[in-house]
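The block underneath contains the structure these notes are about, expressed in structure tokens.
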Amino acid sequence: MTYHDPRGRRPPQQYPAGPYGAYPPPGPQWTPPPPKRQTGIIVVSVVAAVVVIAAAAGVWLWTRGDGGGGTAGGDEHAAAVEAVGAAEVVWQVDQGLAPEAVGADDHWVTDKHLVRRLPGRVVAYELKTGETAWELPVGEVDDDRCPSSVGHSGLRVALLVATGDKSPQTCEKLTVVDIGAGREVFTVDLPPIERVPVRIDVPVVFGEHVVIPSRAGTRVLAIDDGAVRSTPKPDAACKSTKAALFGDLLLAQAECDNGEESDIRLRSFGADLKMVWEWVTPQGDDGEPLPVLGVLSLDPLVVELGHSGSDTRLMRVDPDSGRTVRIAEYTGGTRGDYMSACDGWAMGVCEMAKVVGDKVILTTVMVRVNPGDPRAAPGMEATDRRNELVAFDLGTGERAWRTGIEPGRTLSLVATADGSVAAYRPEDPNGGMGILYSVDPDTGALAPLMPIGPKAHEDDRLNTHVRSFAFRGDNQLAFLRDGLFVVFTGVHRASSVGDADTVAFALP
1 MTYHDPRGRR PPQQYPAGPY GAYPPPGPQW TPPPPKRQTG IIVVSVVAAV
51 VVIAAAAGVW LWTRGDGGGG TAGGDEHAAA VEAVGAAEVV WQVDQGLAPE
101 AVGADDHWVT DKHLVRRLPG RVVAYELKTG ETAWELPVGE VDDDRCPSSV
151 GHSGLRVALL VATGDKSPQT CEKLTVVDIG AGREVFTVDL PPIERVPVRI
201 DVPVVFGEHV VIPSRAGTRV LAIDDGAVRS TPKPDAACKS TKAALFGDLL
251 LAQAECDNGE ESDIRLRSFG ADLKMVWEWV TPQGDDGEPL PVLGVLSLDP
301 LVVELGHSGS DTRLMRVDPD SGRTVRIAEY TGGTRGDYMS ACDGWAMGVC
351 EMAKVVGDKV ILTTVMVRVN PGDPRAAPGM EATDRRNELV AFDLGTGERA
401 WRTGIEPGRT LSLVATADGS VAAYRPEDPN GGMGILYSVD PDTGALAPLM
451 PIGPKAHEDD RLNTHVRSFA FRGDNQLAFL RDGLFVVFTG VHRASSVGDA
501 DTVAFALP
């Protein structure tokens with residue numbers, strides 16, 4: 001086993017709506033749109049500009065019927081349908097009221113419900129039918145600047161809420177919701193810390209506590225009534241600025257400065273909020289400590305370090321000894337070969353990668369192949385996009401397998417409830433239709449799990465869903481649970497009220 005001695009915040013990163021959607025695909029020359037939670041007019045302007053540029057270039061926007069000369073994707077889909085059948089829409093929910101643009105990606109999946117924080121409300125949909133199980137008003141319709149807890153503990157979630165009477169990106173209240181019972185537990189004002197407000201800081205529900213990290217340090221409130229349990233000391237040498245829940249442990253990033261030197265530490269805490277272990281992050285090439293961009297898994301501990309828009313590091317960590325195994329081939333960010341594994345918005349959100357056993361599976365960026373290119377498939381008439389999944393051994397940092405680059409095939413990892421690995425290939429403009437695959441974590445072999453049927457592809461209202469790529473952040477999100485493949489939209493706009501929003505596919 002090869003180890004390296006360790007010496008170890010970025011703003012949220014945006015991701016493309018799909019190979020053929022509102023945003024251009026990522027790549028070496030692609031610059032992310034503005035930070036999440038600042039959607040509004042900014043996103044509308046970006047979309048308008050991108051549509052104009054794309055129309056002028058004529059390269060990546062398409063309508064059904066363009067191209068179509070390629071047959072490899074169509075042949076594969078036909079074979080998949082023959083093997084396992086065709087999945088069609090079993091239920092769908094249209095988008096409700098929204099302002100110009102507002103984030104709608106906060107969600108929780110339980111055994112019975114998909115619970116979503118939508119503009120001005122929290123809604124639970126029955127997984128079997130899509131019917132509304134319950135709905136609660138929370139915040140304002142145009143408030144998308146305040147985040148929610150990523151996970152839940154005891155079916156309770158925490159939502160930061162803006163009152164609307166202060167500057168943007170300021171969240172003045174905390175609301176806790178019991179998503180099992182569909183009721184509000186309490187709403188309280190957040191305690192101030194040296195007049196530093198809570199902004200785009202992601203809360204964590206942890207046992208009997210709500211933990212709210214911020215640049216000024218971490219507040220801890222009681223989960224039952226919102227009573228303040230602790231706030232950081234003004235003169236504390238270390239301040240926890242980000243946190244995430246992993247099973248029975250709370251992980252937090254602590255930024256430490258004793259006046260002479262500074263470092264960044266990843267710490268874990270038990271239910272009593274006493275520290276279990278800590279690990280000092282390594283220094284970057286500039287000699288500064290690297291922040292924790294995200295944590296992919298706890299056991300084994302796999303972390304991504306770095307800053308938004310820059311090359312990042314991915315490594316396995318032994319917190320007891322401080323030893324690390326770096327995935328040296330991995331380069332994330334806008335200039336790398338791989339899509340950044342972690343969201344950067346919340347420390348535990350890493351949908352572009354998955355740790356299974358002794359391997360980490362990563363998603364490469366897309367490459368474009370134009371008709372006439374030597375790499376073009378026979379009969380290809382439209383620009384082709386391709387990427388692959390690549391796995392690395394966490395014990396050595398060496399490549400274990402890759403799915404390979406195939407004409408017309410882009411792959412996105414899909415969240416699963418049972419620890420299995422699934423990936424979605426979207427519809428492409430050269431004849432390939434959407435297929436959900438199972439992925440063998442040992443070999444990378446793909447097997448058709450759920451080919452999307454022809455009815456869904458023929459329904460123009462489902463274009464963005466069957467063409468989805470990169471399920472995270474401000475584009476489509478997706479999960480697979482109990483034979484149900486659910487895809488839903490991460491941004492709501494006034495112009496898309498009434499459009500298909502949440503769509504569930506299943507085999508007959």
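Residues 1 to 508 in UniProt numbering are what the sequence shown spells out, letter by letter. Every residue, glycine too, gets a C-beta built ideally from N, C-alpha and C.
- By the beta-carbon neighbour count (other beta carbons within 10 angstroms, threshold 16), Thr281 is buried.
- The Cβ atoms of Glu88 and Gly453 sit closer than 8 Å to each other.
- Contact check for Ile223 against Trp108 fails: the beta carbons are separated by 8 Å or more.
- Here Arg425 is buried: its Cβ has 16 or more other Cβ atoms, across all protein chains shown, within 10 Å.
- Counting along the chain, the unbroken beta strand (DSSP E) around Pro451 starts and ends at Leu446 to Pro451.
- Within a 10 Å sphere around the beta-carbon of Glu194 sit fewer than 16 other beta-carbons, which makes this residue exposed.
- The criterion of a C-beta distance shorter than 8 Å is satisfied by Arg313 and Leu290.
- Of the other Cβ atoms in all chains shown, fewer than 16 fall within 10 Å of the Cβ of Ala227; this residue is therefore exposed.
- In the displayed model, Arg313 falls within a strand according to three-state DSSP.
- Exposure of Ser262 is indicated by the presence of fewer than 16 other C-beta atoms within 10 angstroms of its C-beta.
- As the crow flies, the alpha-carbon of Ala101 is around 13 Å from that of Glu140.
- Burial state of Ser214 is buried, judged by a 10 Å Cβ sphere holding 16 or more other Cβ atoms.
- Around the C-beta of Met352, 16 or more other C-beta atoms lie within 10 Å, and the residue is accordingly described as buried.
- Pro300 and Gly357 have their alpha carbons spaced roughly 8 Å apart.
- Under the 10 Å beta carbon count, Met275 is surrounded by fewer than 16 other beta carbons and is classified as exposed.
- Classified as buried, Glu304 has 16 or more neighbouring CB atoms from the shown chains inside 10 Å of its CB.
- Taking every protein chain shown into account, the CB of Pro448 has 16 or more other CB atoms within 10 angstroms, so this residue is buried.
- Following the DSSP letters along the chain, one finds Glu304 inside the beta strand (DSSP E) bounded by residues Leu301 to Leu305.
- With fewer than 16 other Cβ atoms from the protein chains shown falling within 10 Å of its own Cβ, Lys455 counts as exposed.
- Out of Gly483, Gly287, Thr231 and Glu406, the CA that lies nearest to the CA of Val84 is found in Gly483.
- Arg156 sits away from Val122, with the two beta carbons spaced by 8 Å or more.
- In the structure shown, His77 adopts helical secondary structure according to DSSP, grouped into three states.
- Relative to Leu480, the option among Pro99, Ser148, Met347 and Ser438 whose CA is nearest is Ser438.
- Trp401 is bridged by DSSP to Ala391.
- Bridge partners of Trp134 according to DSSP: Ala124.
- Inclusion of Ala328 and Val360 in the CB contact set at 8 Å is not warranted, their separation being larger than that value.
- Sixteen is the threshold: when 16 or more other Cβ atoms of the shown chains lie within 10 Å of the Cβ of Arg385, as they do, the residue is buried.
- The closest CA to that of Ala382, considering only Leu411, Pro429, Cys350 and Ala422, is found on Pro429.
- At a Cβ-Cβ threshold of 8 Å, Leu245 and Phe269 do not count as neighbours.
- According to DSSP, Tyr437 shares a beta bridge with Ala423 and Pro448.
- In the three-state reduction of the DSSP assignment, Glu172 falls in the coil class.
- For the pair Ala237 and Asp257, the CB atoms are nearer than the 8 Å cut-off.
- Following the DSSP letters along the chain, one finds Lys242 inside the beta strand (DSSP E) bounded by residues Cys238 to Phe246.
- Judged by DSSP secondary structure, Ala456 falls within the alpha helix (DSSP H) whose first and last residues are Pro454 to Glu458.
- If you compare the alpha carbons of Gly259, Thr324, Ala254 and Ser321 with that of Val292, the shortest gap goes to Ala254.
- The Cβ atoms of Met347 and Val302 lie no closer than 8 Å to each other.
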